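Undergrad: If you read the sequence shown in full-length UniProt numbering, its first letter stands for residue 1, the second for the next number, and so on.
First the structure, which I've put down as structure tokens, then a few questions once you've had a look.
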Amino acid sequence: MDYKMTDDKVRNSFETSGDNLQGNIQGNQGNIGDINNYFNNHYDAPVIDEQTKAEFSDRRVLLSKVKQYWIEGVLEKSLHTKAMIELGLEKRSDAVKLPFSGFEELPEESRQILPTGTGATEVFNQIGEGRTLLILGEPGAGKTITLLKLAQNLIARAEGGLNRLIPVVFNLSSWGSKRPTIADWLVQELWSKYQVPKEVGKGWVKNQQLLLLLDGLDEVKADRREACVEAINEFMQKYGQTEMVVCSRIADYQVLSNRLKLRGAIYIRSLTPEQVNQYLDNAGEQLGAVKTLLTEDTALQELAKSPLTLSIMTLAYQGKKVEEILQTGSVEARREHLFDAYIKRMFSHEKSGKPKEYKSPYQNQQAKSWLTWLAQRMKQESESVFLIEQMQPNWLQTKAQNRLYRFGSMLVGAVLIVSILWPIYAWDPLFNSSLFPKGQLINALRWGVLLGLIFGWGKAEIKTFETLTWPWKKTRKDLFDGLISGLKWGLLFSLVLGPIYGFLRGSEGSPFYLGTVFANYGTELPGLKWGIGYGLSLGMSLGLTFGLINAIKGSEIETKTIPNQGIWRSAMNVGVTGLIAWLIFVPTYWFNRLLIIIFYKGLIFNVSAWGESSLFDLITPGLRWGLLLGLIFGGGLACIRHFTLRFILHRNNYIPWNYARFLDYASDRIFLQKVGGGYIFVHRMLLEHFARMK
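So, in structure tokens, the structure goes:
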């Protein structure tokens, strides 16, 4: 059967090729249902205890996300999944250090070619209880695809048995400069990539309920790789029943002095000339030029040994003549030419099936420039999955840009605070009285400057806010803690801030006219006592409010993921947190003031000067404090810093303003793939190719 390439959308034509090839290539993967049946009948996986309704829901959501992100989003859309010639496997026991001593395999036994048709699932199954496996291979050999096919089978089993371990895919590239323990890193990755609350993630890791599928050991920065291997070994020493699979390029693994303490290792063998020729025969005349050159071009033969590059040849060189394909140079030079041809081809297919008047939203050169910058930053930060909300100020290139980031965050924060507080102060009867002449704008500016400094200085890192839920047990505890904290803060406010506030407010003139305050110190005693009462009441109210805010942080897994979800979630939580803070602040503040009035009545100040206000009169102060608390503690800081960073990157032409739209465009061109709310390059080799561009 001839394989005919068409000018329809490349992905559709490629899927058609896969359907044809699956029936024609000897020893293909076979029917996935048969594998699942074998797997279910022979894989005696560990079980976990009975689950509560919440635990069952969390498990179901996580399984769904792993399946959606990695199986449907990556495996089924991979460049070379559909044309996947069965990969030969080789046992490599010498690549790992067995977790026990006293037994060594003979050299000829440590490396053994496995029978045709043996897959990673079968190898993993044969290891037995507490399975751990290392998958090695050359660049583009199919390590990630092999891992994801294993994940597909594991997910199918987990969906059919509610007490089975949860297979989860992680990429080790994000194991960072702080060199955390693997347990801590897993909790962070579960939260950032799968939106699993940290308390839930900690429980899963501690109770060894996850089956860890760790891709990209070679993508960890070279100076951290040894430490990463040690961290994995230490994790396995502590959590010995956890099952794990690790993937790495063989060359990067072999140079390490340490070895992973796992129970087995396999090496994915390169394609044979016979497999390549059979693939090209089935592809038909569209790849006739490639087949002709392969007979005597050793560099092209070397490239064709990789399933990835063979698949890219299918897309980049389809319909090309022999003279249009580079025929000289090293293997590396030819690989660069191949990827350049692939990029050009993907851009040229953009208008396929669209009307003549269709105009691309981006110029090809501009799109290449943005992808180049993204690839360089991801390689610099050792990231494989890109999340818009996880962009950090260290992505800025110059000191001037970093200074602008801090100043911009301060300015945006200050302007936002003033624009919010000024109308609220204008609405507040207290600030329209003789007690606070011209106090509306002055107080708004004071808070704007103070909080602007907070937004612009301190740690520049952008931290998004968790999902808000309301666990009642935790709420009671945190409210009690908040009450204790409120008493402490109230005492501090009354002894330190209260007198200062009272001095300033006791003056009939400007609050900055300190000369009047000190000149009239003896007559300002009521203002001083007013400030003490104000500080005590304010501190207790804020303490209870903080306690409630702390209690409602996330405890359930989010079911939806969209690009930049972390920032959108933080922005939404500003309003939610502010509203909650307002609802609890107003009645508690009013009640605290009432108690203080009763306690101090006739002794410290005139009740009519401060205490006759009704609950309604406290709506604007409550609104003011609610918004401030929402901005500071509810995610507003992350939104302000993220906006400032995005603005600077856009002004320097590193990214478009609508970044998610562009990344979706790049996904349609098959440069990127969507993984939940994030994006990955279709292969690490393509990322590295873009990163080398200037």
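Just so you know, even glycine gets a beta-carbon here, dropped at the ideal spot from N, CA and C.
Model, not experiment: these values are computed from the prediction.
Please return the same chain residues whose Cβ sits closer than 6 Å to the Cβ of MET693, not counting the five positions on each side in sequence.
TA: Position 693 of the sequence shown, counting from 1, holds the residue named residue 693. Within the same chain, MET693 has close Cβ partners THR372.
Undergrad: Mapping DSSP to helix, strand and coil, what is GLU296?
TA: Taking the sequence shown and counting its residues from 1, the one referred to as residue 296 is at position 296. Of the three classes helix, strand and coil, the one that applies to GLU296 here is coil, per DSSP.
Undergrad: Between GLY636, LEU98, THR118, which lies nearest to VAL576 when the distance is taken from Cα to Cα?
TA: Stepping through the sequence shown from its first residue, residue 576 is reached at position 576. Considering only alpha carbons, the answer is GLY636.
Undergrad: Just how far apart, CA to CA, sit SER555 and LYS53?
TA: Translated into positions along the sequence shown, residue 555 becomes position 555. Translated into positions along the sequence shown, residue 53 becomes position 53. Low confidence applies to SER555: its pLDDT is 49, below 50, so where it sits in the model is not reliable enough to give any reading.
Undergrad: What residue does the beta strand (DSSP E) around LYS368 start on, and which one ends it?
TA: Within the sequence shown, the letter at position 368 stands for residue 368. It is not in any beta strand (DSSP E) - LYS368 instead sits in the alpha helix (DSSP H) that spans 364-380.
Undergrad: Excluding the 5 residues preceding and the 5 following GLU189 in the sequence, name in chain order all residues of the same chain whose CB lies nearer than 6 Å to its CB.
TA: Counting from one through the sequence shown, the residue named residue 189 turns up at place 189. So the list reads PHE170, once near-sequence residues are dropped.
Undergrad: Does the separation of the CB atoms of LEU214 and VAL246 fall below 7 Å?
TA: Within the sequence shown, numbered from 1, the residue matching residue 214 stands at position 214. Within the sequence shown, numbered from 1, the residue matching residue 246 stands at position 246. Cβ atoms of LEU214 and VAL246: closer than 7 Å.
Undergrad: Inspect the beta-carbon positions of ASN564 and ILE388 and report whether they are closer than 7 Å.
TA: Here residue 564 refers to the residue found at position 564 of the sequence shown. Here residue 388 refers to the residue found at position 388 of the sequence shown. Going by C-beta atoms, ASN564 is nearer than 7 Å to ILE388.
Undergrad: To which residues of the same chain is VAL449 closer than 8 Å at the C-beta, ignoring the five residues directly before and after it?
TA: As a first step, residue 449 must be located in the sequence shown, where it is residue number 449. Counting only Cβ-Cβ distances below 8 Å, and skipping sequence neighbours, we find ALA414.
Undergrad: Given a cut-off of 7 Å on the beta-carbon distance, is the pair LEU147 and PRO167 in contact?
TA: Translated into positions along the sequence shown, residue 147 becomes position 147. Translated into positions along the sequence shown, residue 167 becomes position 167. No, these two residues do not count as a Cβ contact at 7 Å.
Undergrad: Are TRP175 and VAL205 touching if we call contact CB-CB under 7 Å?
TA: If you number the sequence shown from 1, residue 175 lands on position 175. If you number the sequence shown from 1, residue 205 lands on position 205. No, these two residues do not count as a Cβ contact at 7 Å.
Undergrad: Leaving aside the five residues before and after ARG334 along the sequence, list all residues of the same chain whose C-beta is less than 7 Å from its C-beta, in chain order.
TA: As a first step, residue 334 is located in the sequence shown; it is residue number 334 there, counting from the start. These residues qualify, in order along the chain: ALA299, LEU300, LEU303, LEU326.
Undergrad: Please state if the CB of GLY140 and the CB of LEU308 are separated by a distance shorter than 7 Å.
TA: Working through the sequence shown from its first residue, we reach residue 308 at position 308. Working through the sequence shown from its first residue, we reach residue 140 at position 140. Yes, the pair counts as a contact, with Cβ atoms nearer than the cut-off.
Undergrad: Let's see if you can read the secondary structure: which residues bound the alpha helix (DSSP H) around GLU189?
TA: Taking the first residue of the sequence shown as 1, we reach residue 189 at position 189. 182-194 is the extent of the alpha helix (DSSP H) around GLU189.
Undergrad: Alpha carbon to alpha carbon, how far is ILE670 from GLU336?
TA: Counting from one through the sequence shown, the residue named residue 670 turns up at place 670. Counting from one through the sequence shown, the residue named residue 336 turns up at place 336. Roughly 17 Å between the two C-alpha positions.
Undergrad: For the putative contact between ILE145 and SER78, defined by C-beta atoms under 8 Å, what is the C-beta separation to the nearest angstrom?
TA: The residue labelled residue 145 in the question sits at position 145 within the sequence shown. The residue labelled residue 78 in the question sits at position 78 within the sequence shown. Confirmed, about 6 Å.
Undergrad: Is the beta carbon of GLY630 less than 7 Å from the beta carbon of VAL574?
TA: Start at 1 with the first residue of the sequence shown, and residue 630 comes out as number 630. Start at 1 with the first residue of the sequence shown, and residue 574 comes out as number 574. In contact: GLY630 and VAL574 (Cβ atoms closer than 7 Å).
Undergrad: Is it the case that the Cβ atoms of LEU451 and ILE424 are separated by a distance below 7 Å?
TA: By 1-based counting over the sequence shown, the position of residue 451 is 451. By 1-based counting over the sequence shown, the position of residue 424 is 424. Cβ distance not < 7 Å, so LEU451 and ILE424 don't count as in contact.
Undergrad: Should PHE339 be labelled buried (16 or more other beta-carbon atoms within 10 Å of its own) or exposed?
TA: Locating residue 339 in the sequence shown gives position 339, where the first residue counts as 1. The residue in question, PHE339, is buried, as its Cβ has 16 or more Cβ neighbours within 10 Å.
Undergrad: Do you know offhand how far GLN278's Cα is from ASP297's?
TA: As a first step, residue 278 must be located in the sequence shown, where it is residue number 278. As a first step, residue 297 must be located in the sequence shown, where it is residue number 297. If you take the alpha carbons of GLN278 and ASP297, they lie about 18 Å apart.
Undergrad: Let me confirm a value: ASP223 is counted as buried when at least 16 other C-beta atoms fall within 10 Å, else exposed. Which label applies?
TA: Position 223 of the sequence shown, counted from the first residue, corresponds to residue 223. That one is exposed.
Undergrad: Go ahead and pull the three-state DSSP assignment for ASN171.
TA: For the purposes of this step, residue 171 is taken as the residue at position 171 of the sequence shown. Strand at ASN171.
Undergrad: Rounded to the nearest angstrom, what separates LEU628 and GLY578 at their Cα positions?
TA: For the purposes of this step, residue 628 is identified with residue 628 of the sequence shown, where counting begins at 1. For the purposes of this step, residue 578 is identified with residue 578 of the sequence shown, where counting begins at 1. The alpha-carbon atoms of LEU628 and GLY578 are separated by roughly 7 Å.
Undergrad: Look at the alpha carbon of ALA158 and the alpha carbon of ASN658, and state the distance between them as a whole number of angstroms.
TA: Here the question's residue 158 lines up with position 158 in the sequence shown. Here the question's residue 658 lines up with position 658 in the sequence shown. The straight-line gap from Cα to Cα measures roughly 38 Å.
Undergrad: Is DSSP giving GLY117 helix, strand or coil here?
TA: Taking the first residue of the sequence shown as position 1, residue 117 is located at position 117. Looking at GLY117 - three-state DSSP - the assignment turns out to be coil, as it is neither helix nor strand.
Undergrad: Count the other CB atoms within 10 Å of the CB of ALA151; is the residue buried (16 or more) or exposed (fewer)?
TA: Start at 1 with the first residue of the sequence shown, and residue 151 comes out as number 151. So ALA151 ends up on the buried side.
Undergrad: Report the three-state DSSP secondary structure of SER248 (helix, strand or coil).
TA: The residue given as residue 248 occupies position 248 in the sequence shown. DSSP places SER248 in strand when its eight states are reduced to three.
Undergrad: Rounded to whole angstroms, what's the CA-CA distance from LEU396 to ARG406? Just pull it up for me.
TA: Your numbering for residue 396 matches position 396 in the sequence shown. Your numbering for residue 406 matches position 406 in the sequence shown. Answer to the nearest angstrom: the Cα atoms are 12 Å apart.
Undergrad: Within its chain, find whatever has a CB closer than 7 Å to the CB of ASP184; leave out the 5 residues flanking it on each side and keep chain order.
TA: Working through the sequence shown from its first residue, we reach residue 184 at position 184. If we look at ASP184 and ignore the five residues flanking it on each side, it has no Cβ neighbours.
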